[in-house]
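Numbering (the numbering used here), first residue to last: 1 to 233. For each residue, glycine too, the CB sits at the ideal point set by N, CA and C. Accompanying notes for the structure given below.
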Amino acid sequence: MCEGCGIELLDQKLHSTFGRELAGEESRLAKREWEQKLHILQALVAPLARDPSGLAYALLRRFGALNAALAADERDLLSIPSMSLRAARHIACIHEALSICLRERVQHKPVIKNMTNLEEYLKIKSGWKQVEEARILLLDQKRRLLDDHYIRRGSVSKIDITISDVARIAVQWNASSVILVHNHPSGDPQPSLEDINFTSKLSHALEIVGVELHDHIIVAKNRLLSLRSLGCL
Ligand SMILES: [Zn+2]
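Written out as structure tokens, the structure is:
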């Protein structure tokens, strides 16, 4: 990767992120932050890449953000020509380690008292995925997090979650309440009409098997929205 190409990419990226040319201190801070991300990515892939600098640039060019690069699926990572299978698995492993560290901060703790930690965990785990996926957080009687269970993934804009998917897992785990979580790859956490209708149907269906739907959270990159806080529950 030539230095000139890097600067050009950096300027393009900053312009597309902020929608305008940056000037002065604002530009210096944004460039420093961008360079920091490049250096981190470069160091992460260094043991597994012939050209770590080029691969770091390619990752940021393809995924746009450090979080998105780390959360990328193996198949998407391998779409970068200079990416080896070992390097892709190394990146996935780093993302998983990060997720586990954040989950440990809420595991077996009441979610209500640890909402900030839970939100940080969900943003890293699901917020930057490029296709929609659904997870269910299983809570005990004291609303402590028992486990985080992956349900299924869909496309960029749609996922088909069924009530039986959620109910089966909740009953299997003997959960008292659950939080349904899904992501919006668009970056907009506003619920669709389908999301709102499904939340209501799921809540009633779970009541029949003695499980409370504590919340339905939509995570979109670094933003998060609770359907309970919107009055949908
Ligand atoms: Zn949705």
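Is residue 112 a contact residue of ligand 1, with contact defined as CB to any heavy atom under 7 Å? Within 7 Å of the C-beta of residue 112 there is not a single heavy atom belonging to ligand 1.
Using only the alpha-carbon positions, how far apart do residue 120 and residue 224 sit? Take the alpha-carbon of residue 120 and the one of residue 224: they are about 10 Å apart.
Is residue 229 helix, strand or coil when you go by DSSP? Of the three classes helix, strand and coil, the one that applies to residue 229 here is coil, per DSSP.
Taking its Cβ as the centre, do 16 or more other Cβ atoms sit within 10 Å of residue 43, making it buried, or is it exposed? Per the 10 Å Cβ criterion, exposed.
Straight-line gap, residue 166 to residue 122 (C-alpha atoms, nearest Å): Each residue's alpha carbon lies about 18 Å from the other.
Among 222, 226, 220, 221, the one whose alpha carbon lies nearest that of residue 214: For the residues 222, 226, 220, 221, the minimum Cα distance to residue 214 belongs to 226.
Cβ of residue 191 within 7 Å of any heavy atom in ligand 1? Yes.
What's the C-alpha gap between residue 63 and residue 170? Answer to the nearest angstrom: the Cα atoms are 34 Å apart.
In whole angstroms, what is the alpha-carbon distance linking residue 1 and residue 52? Note that residue 1 scores 46 on pLDDT, short of 50, meaning its location in the model is unreliable and no value can be drawn from it.
Please identify the residue among 150, 163, 142, 135 whose C-alpha is closest to the C-alpha of residue 110. Sorting 150, 163, 142, 135 by C-alpha distance to the C-alpha of residue 110 places 142 at the top.
Spatial neighbours of residue 222 within its chain, please: C-beta separation below 7 Å, excluding the five flanking residues on both sides. The residues are 123, 127.
Assuming the contact rule is C-beta atoms closer than 8 Å, residue 182 and residue 133 should be a hit. Round their C-beta distance to whole Å, please. Indeed, because the Cβ distance is near 7 Å, the residues count as touching under 8 Å.
Work out the CA separation of residue 195 and residue 88 for me, nearest whole Å. So the alpha carbons of these two residues sit roughly 33 Å apart.
Local Cβ density within 10 Å of residue 192, reported as buried at 16 or more and exposed below that: Its Cβ having fewer than 16 others within 10 Å, residue 192 is exposed.
Apply the 10 Å Cβ neighbour rule to residue 4 and answer buried if 16 or more other Cβ atoms are within range, or exposed otherwise. Interpretation of residue 4 is limited by its pLDDT of 46, a score under 50 that renders its predicted location unreliable; the figure taken from the coordinates is listed afterwards. By the 10 Å Cβ count, residue 4 comes out exposed.
Going by the C-beta, is residue 218 closer than 7 Å to any heavy atom of ligand 1? Under cutoff, so the answer is yes.
Could you tell me the alpha carbon to alpha carbon distance between residue 38 and residue 80, rounded to whole angstroms? Spanning the two alpha carbons is a distance of roughly 16 Å.
Could you tell me the boundaries of the alpha helix (DSSP H) in which residue 203 lies? DSSP places residue 203 inside the alpha helix (DSSP H), whose first and last residues are 193-208.
Residue burial classification, residue 201 (beta-carbon count within 10 angstroms, cutoff 16): Residue environment for residue 201: exposed (fewer than 16 other C-beta atoms within 10 angstroms of its C-beta).
Given that a residue counts as buried once 16 or more other Cβ atoms are within 10 Å of its Cβ, and exposed if not, what is residue 100? Exposed: under 16 other Cβ atoms inside 10 Å.
In chain order, which continuous runs of the beta strand (DSSP E) of length 3 or greater are located wholly inside the segment 153-192? Inside the segment 153-192, DSSP marks whole beta strand (DSSP E) runs of 3 or more residues at positions 177-183, from first to last along the chain.
Beta strand (DSSP E) containing residue 215: first to last residue? Residue 215: member of the beta strand (DSSP E) spanning 212-220, first to last residue.
Please name the residue in 162, 55, 146, 219 whose C-alpha comes closest to that of residue 206. Closest option to residue 206, Cα to Cα, is 162.
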